[in-house]
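Residue numbers (the UniProt record's numbering): 1 to 281.
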């Protein structure tokens, strides 16, 4: 037979139903030790659970801080990369625009010089075919702007053009009113179109070659000004002309509106250039 009895939270079974006094003391001591071990075990488990919870909380906080730092770093890297990309793109665009502007300016200069040369040749032909009386009239008009208060002078021309020079001098206003006396002399050393004006103020070459050289210089200056204006203010005709060249055969040069505009500008400048030609001589 087994007798069961309780001691604290423990239940012990004793055979024969007899518990000796010594056995009882050992039994109770063992039960107390078991109870202490159980309590210590529970405390250890509770402490470990608290430590695990604290470690989890610390790990979660560290992970969140790392994620926040990573997000900030990513945002900063994105902003810096975007700013650098925009800066590089702006620099590349600026470089391309400068190169395109330089290429456009070189092209305009070449076209303008070519048109200026064409207009200059046309003007030279017109002047060379011009009536010699008109040529001498223009020369005298330009000379009168340079030489003032001269009572007497000598005009030397080619012997073949002596009559034309005399007619021009006779029609010249200062000579007509008697304020200036000009002696016209033929000089065999001078060729057709030559014109030397001699006075006490010096000798002025107002011949055809001098006028043509002055016209060429004035045309060059006008062409340079026109090229600069065209480069800084591109016309819509150039864009339309570029589209035309793209559509048409690239091997066949096409007339563009921009060329007509430049030609008109050069022709307009030519009129001014012819007027200032003798002053520039």
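The beta-carbon is built from N, C-alpha and C at its ideal position, and this holds for glycine as well.
Which of the three DSSP states is assigned to residue 36 in this structure?
One-based indexing of the chain shown puts residue 36 at position 36. Residue 36 falls in the helix class under three-state DSSP.
Leaving out five residues before and five after residue 62 in sequence, what residues of the same chain have Cβ atoms less than 6 Å from its Cβ?
Translated into positions along the chain shown, residue 62 becomes position 62. Closer than 6 Å at the Cβ level, and outside the excluded window around residue 62, lies no residue.
Can you give, in chain order, each stretch of the alpha helix (DSSP H) that sits fully within the region 100-154 and has at least 4 residues?
132-146
Opposite residue 202 in the DSSP bridges: which residues?
Here residue 202 refers to the residue found at position 202 of the chain shown. In DSSP, residue 202 forms a bridge with 199.
Hey, would you say residue 103 sits closer than 7 Å to residue 216, going by beta carbons?
Working through the chain shown from its first residue, we reach residue 103 at position 103. Working through the chain shown from its first residue, we reach residue 216 at position 216. Not a contact, by the Cβ cut-off of 7 Å.
Pair every Cβ in the region 150-158 with every Cβ in the region 184-197, then say whether three or more of these pairs are closer than 8 Å.
yes
Put residue 81 into one of helix, strand or coil per three-state DSSP.
Position 81 of the chain shown, counting from 1, holds the residue named residue 81. Here residue 81 sits in helix by DSSP.
Less than 7 Å between C-beta atoms, sequence neighbours within five positions excluded: which residues of the same chain meet that for residue 166?
The sequence position of residue 166 within the chain shown is 166, counting from 1. Result list for residue 166: 184, in chain order.
Under a three-way DSSP split, which group does residue 186 fall into?
The sequence position of residue 186 within the chain shown is 186, counting from 1. Three-state DSSP puts residue 186 in a strand.
Report yes if the CB atom of residue 207 is closer than 7 Å to the CB atom of residue 158, and no otherwise.
As a first step, residue 207 must be located in the chain shown, where it is residue number 207. As a first step, residue 158 must be located in the chain shown, where it is residue number 158. Contact: no.
Start and end of the alpha helix (DSSP H) containing residue 164?
Indexing the chain shown from 1 puts residue 164 at position 164. Residue 164 -> alpha helix (DSSP H) spans 162-171.
Suppose you measure from the CA of residue 147 to the CA of residue 112; what does that come to, to the nearest Å?
Taking the first residue of the chain shown as 1, we reach residue 147 at position 147. Taking the first residue of the chain shown as 1, we reach residue 112 at position 112. Spanning the two alpha carbons is a distance of roughly 35 Å.
Alpha-carbon spacing of residue 94 relative to residue 80, whole angstroms
The residue given as residue 94 occupies position 94 in the chain shown. The residue given as residue 80 occupies position 80 in the chain shown. Distance between the alpha carbons of residue 94 and residue 80 is about 21 Å.
Measuring straight from C-alpha to C-alpha, what distance separates residue 70 and residue 99?
In the chain shown, the residue the question calls residue 70 occupies position 70. In the chain shown, the residue the question calls residue 99 occupies position 99. When rounded, the distance between both Cα atoms is 42 Å.
Return yes when the Cβ of residue 186 is within less than 7 Å of the Cβ of residue 162, no when it is not.
Stepping through the chain shown from its first residue, residue 162 is reached at position 162. Stepping through the chain shown from its first residue, residue 186 is reached at position 186. Yes.
Tell me which residues share the same chain as residue 193 and place their Cβ nearer than 6 Å to its Cβ, disregarding the 5 neighbours each side in the sequence.
Taking the chain shown and counting its residues from 1, one reaches residue 193 at position 193. Closer than 6 Å at Cβ, skipping near neighbours: 207, 208.
Check whether residue 168 and residue 136 have beta carbons under 7 Å apart:
Within the chain shown, the letter at position 168 stands for residue 168. Within the chain shown, the letter at position 136 stands for residue 136. Their beta carbons are under 7 Å apart, which means residue 168 touches residue 136 by this criterion.
I need the straight-line Cα distance from residue 259 to residue 91, nearest angstrom please.
Here residue 259 refers to the residue found at position 259 of the chain shown. Here residue 91 refers to the residue found at position 91 of the chain shown. For residue 259, the predicted structure reports a pLDDT of 48, less than 50, and the residue's modelled location is therefore unreliable. A value from the coordinates is still provided. Whole-angstrom Cα-Cα distance: 32 Å.
Beta carbon of residue 164, beta carbon of residue 133: below 7 Å?
Here residue 164 refers to the residue found at position 164 of the chain shown. Here residue 133 refers to the residue found at position 133 of the chain shown. Contact: yes.
Where does residue 219 land, buried or exposed, given buried means 16+ other C-beta within 10 angstroms?
Counted from its first residue, the chain shown places residue 219 at position 219. Under this definition residue 219 is a buried residue.
What did DSSP end up calling residue 156 once you bin it into helix, strand or coil?
Counting from 1 along the chain shown, the entry for residue 156 is found at position 156. Looking at residue 156 - three-state DSSP - the assignment turns out to be strand.
Since residue 228 and residue 143 should fall inside the 8 Å C-beta cutoff, what is the C-beta to C-beta distance between them, to a whole number of angstroms?
One-based indexing of the chain shown puts residue 228 at position 228. One-based indexing of the chain shown puts residue 143 at position 143. Actually they are not in contact, since the Cβ atoms of residue 228 and residue 143 sit about 33 Å apart, beyond 8 Å.
For residue 252, count neighbouring C-beta atoms within 10 Å of its own C-beta (all shown protein chains included) and say buried if the count is 16 or more, exposed if not.
The residue labelled residue 252 in the question sits at position 252 within the chain shown. Because residue 252 sits at a pLDDT of 38, beneath the cut-off of 50, its placement in the model cannot be relied upon, and the following sentence gives the value as read from the coordinates. That one is exposed.
Per DSSP, which one or two residues make a beta bridge with residue 181?
In the chain shown, residue 181 corresponds to position 181, counting from 1. DSSP output for residue 181 lists 152 as bridge partner(s).
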